[in-house]
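Colleague: Those letters in the sequence shown? Residues 69 to 226, per this note's numbering, in order.
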Amino acid sequence: MTTVYDFSVKMPNGSLKSLKDYEGKPLIVVNTASKCGFTPQFKGLQELYEKYKEQGLEILGFPCGQFNNQEYENIEQTTEFCQLNYGVTFPMFAKIDVNGKEADPLFQFLKEQKKGMLTKVIKWNFTKFLIDREGNVVERYAPTVDPSKIENDLLKVL
69 MTTVYDFSVK
79 MPNGSLKSLK
89 DYEGKPLIVV
99 NTASKCGFTP
109 QFKGLQELYE
119 KYKEQGLEIL
129 GFPCGQFNNQ
139 EYENIEQTTE
149 FCQLNYGVTF
159 PMFAKIDVNG
169 KEADPLFQFL
179 KEQKKGMLTK
189 VIKWNFTKFL
199 IDREGNVVER
209 YAPTVDPSKI
219 ENDLLKVL
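1. Would a C-beta distance cut-off of 8 angstroms place Lys163 and Thr146 closer than the cut-off?
2. If we count the other Cβ atoms within 10 Å of its Cβ and call it buried at 16 or more, is Ala210 buried or exposed?
3. Taking the alpha-carbon of Gln138 as reference, which of Asp200, Trp192 and Lys224 has the nearest alpha-carbon?
4. So does the segment 103-122 actually touch the segment 71-84, counting three or more Cβ pairs closer than 8 angstroms?
5. Give the secondary structure of Tyr140 by DSSP, where H, G and I count as helix, E and B as strand, and everything else as coil.
6. I'd like to check one pair, Val97 with Leu128: are the Cβ atoms closer than 8 angstroms?
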């Protein structure tokens with residue numbers, strides 16, 4: 069059976085990183101954007117990360133410009149923005165597509181595992197997926213769901 073650990077993703081420098089490196093850890097995987105109305109969710113995600121990283125939590129951020137082009141073209145601008153404005157210390161990866169023909173294989177898998185309201189398509193930035201320690205997709209959260217609202221579900225996989 070396929071899990072998230074079977075995928076590799078691109079780092080900001082273009083190198084590949086195997087998600088096997090996160091095996092045994094609960095994950096929150098999220099498509100992000102630096103110029104979005106939901107961008108302040110970086111703060112809540114960072115707070116969850118700081119609170120639970122000692123228990124193994126990893127948050128994996130994937131910048132995406134598919135929704136009104138609300139992400140910088142240059143990945144260095146994205147990572148600098150996240151660090152300076154929200155103190156983000158969790159891993160941020162290369163800019164990707166989450167929908168369409170060019171959708172990243174990880175996000176194709178995530179959407180297959182947990183569809184959203186009425187559709188598999190990711191509708192906007194900050195769609196969040198909770199992954200258990202075995203690499204299974206436990207839950208999908210709409211962009212409107214504040215990271216603090218994930219905490220109870222997160223506690224179940226910690």
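Note that the Cβ used here is the ideal one computed from N, Cα and C, for glycine as well.
As the structure is a computational prediction, the values presented were derived from the model and not from experiment.
Modeller: So, from the listed chains and residues:
1. yes
2. exposed
3. It is Trp192.
4. no
5. coil
6. yes
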